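Each remark here refers to the structure printed beneath this line.
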Ligand code: DP6
């Protein structure tokens with residue numbers, strides 16, 4: 003009745019922002035991401051009939067606040083009459099600061115819970131369940147370059163390019179480890195209800211997805227760089243124009259964006275992307291990694307830098 007799973011965060015290149023169904027947590031748009039390799043969450047789920055409530059520990063501390071979402075996620079895997087569980091989760095990166103910890107967290111939970119209960123659900127089914135808990139988590143079930151497509155009545159997630167066949171590198175510049183001011187789910191709803199740019203964001207997503215899919219298929223780095231930065235900035239402007247606005251950047255976030263643009267102007271193959279947090283993810287070709295890392299380490303306000311390649315989807319591990 004217990005199992006452990008490991009999952010890595012994923013970074014969206016074409017972003018998910020907005021929900022078309024808040025009950026089933028279905029995204030309003032498709033998205034394309036890369037699954038990371040060296041940042042990870044390891045989660046053990048132990049179902050135990052003697053427990054009267056679920057218990058959650060994240061990085062050694064009881065995490066009561068996050069428990070209701072995890073409990074609902076376990077219900078979706080094992081049914082509401084399941085035994086209560088002890089969930090122990092460890093990450094090797096800061097939680098809830100825009101490094102997609104919910105994506106790796108929920109991906110690991112569904113895989114571990116399914117294995118602990120011996121249910122044998124398919125990866126597709128687990129992706130759908132992870133996505134109900136957190137939209138971006140559906141993508142962490144798969145490795146490499148991943149597309150989440152919207153179907154009439156759900157989602158379909160798949161690897162569109164294996165990580166080894168285009169081994170991009172990601173340099174994450176950490177500019178703050180504070181918890182974010184407003185969660186992405188709430189900020190998305192705010193955007194849908196009040197941002198004058200929301201409708202246009204939804205309308206244009208198909209074009210950005212097509213551009214990115216072709217760039218990935220032909221390994222055209224500059225085409226991918228152009229559309230990924232455009233899509234990221236567009237998403238942030240939708241948030242900024244919401245009422246009240248959702249603003250996640252700090253001064254160091256902007257400084258990192260400038261660093262990346264300067265690097266590109268001097269011939270390096272690199273682009274930035276930013277999620278619902280102040281960290282900047284610089285995506286580059288392997289030959290440019292050292293220069294990108296060095297430049298970001300030396301950017302004002304950067305407190306830490308993490309480097310990762312592209313990795314595999316969530317899976318059960320033996321401990
Ligand atoms: C900016 O997956 O955290 O990272 O479904 O409400 O849990 P919920 O949202 P979440 O949102 C991620 C938004 C994003 C872009 C992305 O990862 O595509």
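Numbering (this note's numbering), first residue to last: 3 to 321. Glycine included, each C-beta is placed from N, C-alpha and C at the ideal position. In this text, all values refer to a predicted model and were calculated from it rather than measured experimentally.
Boundaries of the alpha helix (DSSP H) harbouring residue 133: 125-135, taken from the DSSP string. Close CB contacts of residue 53 within its chain, under the 6 angstroms cut and outside five residues either way in sequence, are with 86 (chain order).
If you draw a 10 Å sphere on the C-beta of residue 149, you find 16 or more other C-beta atoms in it, and that means buried. Within the stretch 45-111, the complete beta strand (DSSP E) segments of 3 residues or longer fall at 57-60 and 87-93, listed in chain order. As computed with DSSP, residue 35 is found in a beta bridge with 14 and 148. When rounded, the separation of the alpha-carbon atoms in residue 299 and residue 306 is 7 angstroms. Under the criterion of beta carbons closer than 8 angstroms, residue 110 and residue 45 qualify as touching, at roughly 4 angstroms. Contact check for residue 68 against residue 58 passes: the beta carbons are separated by less than 8 angstroms.
Look at residue 19: its beta carbon is less than 7 angstroms from one of the heavy atoms in the ligand DP6. At least one heavy atom of the ligand DP6 is found less than 7 angstroms from the C-beta of residue 137.
With contact defined as three or more Cβ pairs closer than 8 angstroms, the stretch 173-181 and the stretch 250-262 are in contact.
Residue 34 holds the alpha-carbon nearest to the alpha-carbon of residue 212 among 20, 4, 239 and 34. Around residue 195, the same chain offers no residue with a beta carbon nearer than 7 angstroms, after the five sequence neighbours per side are excluded. Taking C-beta atoms under 8 angstroms as the contact rule, residue 205 and residue 274 fail to qualify, at a distance of about 24 angstroms.
Our two residues, residue 141 and residue 55, have alpha carbons roughly 29 angstroms apart in a direct line.
Contact check between the stretch 237-245 and the stretch 187-203: three or more CB pairs, one atom from each, fall below 8 angstroms, which counts as touching. Annotation for residue 120 indicates a beta carbon at 7 angstroms or more from all heavy atoms of the ligand DP6.
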